[in-house]
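Peer 1: Mapping of the sequence shown onto UniProt numbering: position 306 corresponds to residue 306, and the numbering continues sequentially without gaps.
Encoded as structure tokens, here's the structure I'll be asking about.
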Amino acid sequence: MAARSTSTSTPSLGSLHHQLLPSYRTVVDHTLLSPVVTGALLFLANRRNHNNRSRIVPSIAAVRILKILFTVGLVTQVNRFLNRLALNHWHLRKQGAPWEFQTEGKETIVVTGGCSGFGKAMVKMFAATTKANLVVLDIQELPADLENIPRLHYFPIDLTKPESIIATTTRLLETVTPPPTVLINNAGIAQAHTLLETSDAFLDKIFRVNVLSHFTLLRLLLPEMLARRKGHIVTLASMASYTGLASLADYAATKAAVLGLHESLVQELTHRYSHVGSNAGSNAGGSSGSNAGGTGGNGGDTPGGSNAGGNGGDFPGGTGGPGGTGGGNGGDTPGGNGDNPGHSIQASIIHPMWARTALIGSWESALTQSGTPVLTAEDVAGRAVDQVLSGRSGSVYVPAKMCIGPLLRCLPDWLAIWIRDGVQKATATTTTTATTEEKKALSS
Numbered sequence: 001m002a003a004r005s006t007s008t009s010t011p012s013l014g015s016l017h018h019q020l021l022p023s024y025r026t027v028v029d030h031t032l033l034s035p036v037v038t039g040a041l042l043f044l045a046n047r048r049n050h051n052n053r054s055r056i057v058p059s060i061a062a063v064r065i066l067k068i069l070f071t072v073g074l075v076t077q078v079n080r081f082l083n084r085l086a087l088n089h090w091h092l093r094k095q096g097a098p099w100e101f102q103t104e105g106k107e108t109i110v111v112t113g114g115c116s117g118f119g120k121a122m123v124k125m126f127a128a129t130t131k132a133n134l135v136v137l138d139i140q141e142l143p144a145d146l147e148n149i150p151r152l153h154y155f156p157i158d159l160t161k162p163e164s165i166i167a168t169t170t171r172l173l174e175t176v177t178p179p180p181t182v183l184i185n186n187a188g189i190a191q192a193h194t195l196l197e198t199s200d201a202f203l204d205k206i207f208r209v210n211v212l213s214h215f216t217l218l219r220l221l222l223p224e225m226l227a228r229r230k231g232h233i234v235t236l237a238s239m240a241s242y243t244g245l246a247s248l249a250d251y252a253a254t255k256a257a258v259l260g261l262h263e264s265l266v267q268e269l270t271h272r273y274s275h276v277g278s279n280a281g282s283n284a285g286g287s288s289g290s291n292a293g294g295t296g297g298n299g300g301d302t303p304g305g306s307n308a309g310g311n312g313g314d315f316p317g318g319t320g321g322p323g324g325t326g327g328g329n330g331g332d333t334p335g336g337n338g339d340n341p342g343h344s345i346q347a348s349i350i351h352p353m354w355a356r357t358a359l360i361g362s363w364e365s366a367l368t369q370s371g372t373p374v375l376t377a378e379d380v381a382g383r384a385v386d387q388v389l390s391g392r393s394g395s396v397y398v399p400a401k402m403c404i405g406p407l408l409r410c411l412p413d414w415l416a417i418w419i420r421d422g423v424q425k426a427t428a429t430t431t432t433t434a435t436t437e438e439k440k441a442l443s444s
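Given below as structure tokens:
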């Protein structure tokens with residue numbers, strides 16, 4: 001969801017809500033839901049009740065509330081700990097080479113779609129908080145306010161064409177040192193229209209930009225990360241990953257697809273890349289040479305994309321085949337410790353709600369009319385940047401209360417449909433991507 005913010009200098013109630021909500025959540029987490037705080041209060045209450053019966057003792061109701069808060073807080077903390085542990089390949093500490101974001105030029109962060117929306121906000125935040133090299137991949141021209149950022153490299157790219165991705169990535173690897181250590185697959189397109197008003201050309205285009213480009217970039221850049229035992233893959237998904245939406249069938253399908261890709265990537269990093277030289281080098285890099293391809297379509301222009309087209313070329317077999325670096329014991333790589341090289345790679349996914357970007361341009365008026373809260377690009381970018389700088393894998397929901405999103409898949413049909421019926425008001429608009437020929441075929 002990518003566009004320029006149109007907010008004025010006076011913050012709206014909605015923006016104030018989004019600014020204040022994290023503070024409220026932090027206060028609750030550190031007081032009411034802190035097992036340390038509630039546990040200490042319980043201890044004092046029980047001790048007073050046992051040792052000093054002559055004084056006024058806490059009421060039974062107050063003690064019960066403390067017990068409930070202590071239990072909820074403890075379960076919440078244990079759940080968060082187990083989530084972090086599982087998402088990081090069951091390691092308490094980062095494996096592989098350490099992150100050096102504050103050492104000039106030691107890390108290279110690649111952001112697709114970095115010229116607008118979430119991507120642009122991320123680039124600015126990384127520039128302000130790190131000394132890393134920044135690489136922007138976008139079909140749009142580099143905005144003037146990004147031109148003077150130090151250590152920033154811009155490469156034009158057409159994510160609908162595998163050959164453009166390959167050529168651009170090759171130039172990137174030849175130009176920027178070190179090779180990318182962070183890849184943020186942020187670029188995306190969307191347009192509100194019903195299924196019957198969707199053209200084949202636009203379907204081809206949205207899947208190439210929103211999904212297939214992720215596969216191509218991963219096959220080209222992940223092998224080098226495995227060889228160096230350092231990397232972080234960040235996927236920009238959406239709350240639409242968990243539920244279908246009226247007038248956004250194609251978009252929701254692409255976001256469900258990248259969620260599946262992310263989950264599969266985490267599994268492969270944990271279980272499949274045990275030897276950089278033999279396994280990761282041949283599978284993730286060299287053997288991908290014949291996989292890309294497919295004939296593009298002719299979709300109309302959309303912010304963040306261009307007309308889909310072109311035939312997929314072969315991947316150069318040498319790209320990403322880092323054979324023999326450190327082998328299975330990591331002896332030749334700084335930070336190698338004999339563990340699975342895949343365990344040294346972090347993988348995070350970001351699930352934002354609606355945000356004021358060009359991506360939602362075709363249905364933003366419907367969002368406003370339905371009273372749906374709309375985030376800013378900075379709200380989402382800030383959470384993504386924080387996750388990268390944490391040096392750990394994570395599943396991030398923006399706003400945080402939307403962590404209940406996955407539960408939509410577990411709800412009874414009647415309840416899930418009732419929720420979707422409410423959401424459809426936010427996308428109650430339609431445009432058309434159907435060609436004249438397709439319209440005739442549909443009406444005949």
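For each residue, glycine too, the CB sits at the ideal point set by N, CA and C.
Straight-line CA distance for LEU21 to ARG80?
Peer 2: Here the question's residue 21 lines up with position 21 in the sequence shown. Here the question's residue 80 lines up with position 80 in the sequence shown. Model confidence at LEU21 stands at a pLDDT of 45, short of 50, so the residue's coordinates are unreliable and nothing is read from them.
Peer 1: Quick one, which of VAL136, LEU146, ARG151 has its alpha-carbon nearest PHE101's?
Peer 2: The residue given as residue 101 occupies position 101 in the sequence shown. Nearest of VAL136, LEU146, ARG151 to PHE101, Cα basis: ARG151.
Peer 1: Beta-carbon within less than 8 Å of ALA426's beta-carbon, same chain only, minus the 5 sequence neighbours each way: which residues are those?
Peer 2: Translated into positions along the sequence shown, residue 426 becomes position 426. Contacts found: TRP354, TRP363, ALA366, LEU367, SER370, THR372.
Peer 1: Do MET122 and ALA384 have their C-beta atoms within less than 8 Å of each other?
Peer 2: For the purposes of this step, residue 122 is taken as residue 122 along the sequence shown, with counting starting at 1. For the purposes of this step, residue 384 is taken as residue 384 along the sequence shown, with counting starting at 1. It is a contact, given that the beta carbons lie within the stated cut-off.
Peer 1: Could you name the residues of the same chain whose beta carbon sits closer than 6 Å to that of THR270, not counting the 5 residues immediately before and after it, in chain order?
Peer 2: Reading the sequence shown from its first residue, position 270 is the one you call residue 270. Hits under 6 Å: HIS89.
Peer 1: For ILE206, does the three-state DSSP call read helix, strand or coil?
Peer 2: Your numbering for residue 206 matches position 206 in the sequence shown. Three-state DSSP puts ILE206 in a helix.
Peer 1: Expressed to the nearest angstrom, what Euclidean distance is found between the alpha-carbon atoms of GLY188 and PRO399?
Peer 2: Working through the sequence shown from its first residue, we reach residue 188 at position 188. Working through the sequence shown from its first residue, we reach residue 399 at position 399. Straight-line Cα distance between these residues: approximately 20 Å.
Peer 1: Below 8 Å between beta carbons: does that hold for LEU407 and THR129?
Peer 2: Counting from one through the sequence shown, the residue named residue 407 turns up at place 407. Counting from one through the sequence shown, the residue named residue 129 turns up at place 129. Going by C-beta atoms, LEU407 is not nearer than 8 Å to THR129.
Peer 1: For PHE155, write down the residues that DSSP places opposite it in a beta bridge.
Peer 2: Along the sequence shown, read from residue 1 onward, the residue named residue 155 stands at position 155. Paired residue(s): LEU137.
Peer 1: Going straight from the alpha carbon of PHE70 to that of ARG64, what length do you get?
Peer 2: Residue 70 sits at position 70 when you count from the first residue of the sequence shown. Residue 64 sits at position 64 when you count from the first residue of the sequence shown. C-alpha separation (whole angstroms): 10 Å.
Peer 1: May I ask which residues mark the beginning and end of the alpha helix (DSSP H) holding VAL266?
Peer 2: Taking the first residue of the sequence shown as 1, we reach residue 266 at position 266. Residues 249-271.
Peer 1: Taking the alpha helix (DSSP H) that SER164 belongs to, which residues open and close that run?
Peer 2: Taking the first residue of the sequence shown as position 1, residue 164 is located at position 164. From DSSP, the alpha helix (DSSP H) with SER164 extends over 162-175.
Peer 1: I'd like to know whether the C-beta atoms of ALA227 and VAL258 end up nearer to each other than 8 Å.
Peer 2: Position 227 of the sequence shown, counting from 1, holds the residue named residue 227. Position 258 of the sequence shown, counting from 1, holds the residue named residue 258. Cβ atoms of ALA227 and VAL258: not closer than 8 Å.
Peer 1: How about PRO143 and GLN77: do their beta carbons lie closer than 8 Å?
Peer 2: Position 143 of the sequence shown, counting from 1, holds the residue named residue 143. Position 77 of the sequence shown, counting from 1, holds the residue named residue 77. No. Outside cutoff.
Peer 1: Compare the beta carbon distance of THR254 and ASN210 with 8 Å and say whether it is the shorter of the two.
Peer 2: Within the sequence shown, the letter at position 254 stands for residue 254. Within the sequence shown, the letter at position 210 stands for residue 210. Closer than 8 Å, so yes.
Peer 1: Could you tell me the alpha carbon to alpha carbon distance between GLY323 and PRO223, rounded to whole angstroms?
Peer 2: Stepping through the sequence shown from its first residue, residue 323 is reached at position 323. Stepping through the sequence shown from its first residue, residue 223 is reached at position 223. Because the pLDDT at GLY323 is just 41, under 50, the model does not fix this residue reliably, and the point stays unresolved.
Peer 1: Measure the C-alpha to C-alpha separation of SER116 and ALA240 and round it to an integer number of angstroms.
Peer 2: For the purposes of this step, residue 116 is taken as the residue at position 116 of the sequence shown. For the purposes of this step, residue 240 is taken as the residue at position 240 of the sequence shown. Taking C-alpha positions only, SER116 is separated from ALA240 by approximately 21 Å.
Peer 1: Name the one or two DSSP bridge partners that GLN346 has.
Peer 2: Here residue 346 is taken as the residue at index 346 of the sequence shown, counted from 1. GLN346 pairs with HIS232.
Peer 1: Assign VAL396 to one of three DSSP states: helix, strand, or coil.
Peer 2: For the purposes of this step, residue 396 is taken as the residue at position 396 of the sequence shown. Reduced to three states, the DSSP call for VAL396 is strand.
Peer 1: Need the endpoints of the alpha helix (DSSP H) that ASN79 sits in, please.
Peer 2: Working through the sequence shown from its first residue, we reach residue 79 at position 79. Run containing ASN79: 60-87, per the alpha helix (DSSP H) assignment.
Peer 1: Could you compute how far the alpha carbon of VAL396 sits from the alpha carbon of GLN387?
Peer 2: Translated into positions along the sequence shown, residue 396 becomes position 396. Translated into positions along the sequence shown, residue 387 becomes position 387. About 8 Å.
Peer 1: By DSSP's criteria, ILE109 is part of a beta bridge. Which residues make up the other side?
Peer 2: In the sequence shown, the residue the question calls residue 109 occupies position 109. According to DSSP, ILE109 bridges with LEU134, VAL182.
Peer 1: Can you tell me which residues form a DSSP beta bridge with HIS351?
Peer 2: Locating residue 351 in the sequence shown gives position 351, where the first residue counts as 1. DSSP output for HIS351 lists TYR397 as bridge partner(s).
Peer 1: Taking just the CA atoms, how far does ILE60 sit from TYR273?
Peer 2: For the purposes of this step, residue 273 is taken as the residue at position 273 of the sequence shown. For the purposes of this step, residue 60 is taken as the residue at position 60 of the sequence shown. Computed Cα separation, rounded: 56 Å.
Peer 1: Taking the C-alpha atoms as reference points, what is the distance between THR38 and HIS262?
Peer 2: The residue labelled residue 38 in the question sits at position 38 within the sequence shown. The residue labelled residue 262 in the question sits at position 262 within the sequence shown. Taking the straight line joining both Cα atoms gives about 37 Å.
Peer 1: Just list the residues that DSSP pairs LEU375 with in beta bridges.
Peer 2: Counting from one through the sequence shown, the residue named residue 375 turns up at place 375. Beta-bridge pairing links LEU375 to ALA355.
Peer 1: Using alpha carbons as the reference points, say which of LEU87, ALA40, ALA86, ALA377 lies closest to LYS67.
Peer 2: Numbered from 1 along the sequence shown, position 67 holds the residue referred to as residue 67. Nearest option by C-alpha distance: ALA40.
Peer 1: Among the candidates LEU85, THR112, ARG356, whose CA atom is the shortest distance from the CA of THR376?
Peer 2: The residue you call residue 376 lines up with position 376 of the sequence shown. It is ARG356.
Peer 1: Going straight from the alpha carbon of GLY119 to that of ALA381, what length do you get?
Peer 2: Here residue 119 refers to the residue found at position 119 when the sequence shown is read from its first residue. Here residue 381 refers to the residue found at position 381 when the sequence shown is read from its first residue. Straight-line Cα distance between these residues: approximately 7 Å.
Peer 1: For ALA256, which residues of its own chain have a beta-carbon under 6 Å away from its beta-carbon, when the five flanking residues on both sides are left out?
Peer 2: Position 256 of the sequence shown, counted from the first residue, corresponds to residue 256. So the list reads SER241, once near-sequence residues are dropped.
Peer 1: Write down the C-beta distance between ILE350 and VAL234 rounded to the nearest angstrom, noting that I regard them as a contact closer than 8 Å.
Peer 2: On the sequence shown, position 350 is the one that residue 350 refers to. On the sequence shown, position 234 is the one that residue 234 refers to. Right, the Cβ-Cβ distance comes to about 7 Å (below 8 Å), so this counts as a contact.
Peer 1: Could you compute how far the alpha carbon of GLN95 sits from the alpha carbon of ILE157?
Peer 2: Locating residue 95 in the sequence shown gives position 95, where the first residue counts as 1. Locating residue 157 in the sequence shown gives position 157, where the first residue counts as 1. Answer to the nearest angstrom: the Cα atoms are 33 Å apart.
Peer 1: Would THR112 be called buried (16 or more neighbouring beta carbons within 10 Å of its own) or exposed?
Peer 2: One-based indexing of the sequence shown puts residue 112 at position 112. The residue is buried, with at least 16 neighbouring Cβ atoms inside 10 Å.
Peer 1: If I follow the unbroken alpha helix (DSSP H) through GLY422, where does it start and stop?
Peer 2: Start at 1 with the first residue of the sequence shown, and residue 422 comes out as number 422. From DSSP, the alpha helix (DSSP H) with GLY422 extends over 413-423.
Peer 1: Take the Cβ of ASN133 as the centre, count every other Cβ of all protein chains shown within 10 Å, and call the residue buried at 16 or more, exposed below.
Peer 2: Translated into positions along the sequence shown, residue 133 becomes position 133. Per the 10 Å Cβ criterion, buried.
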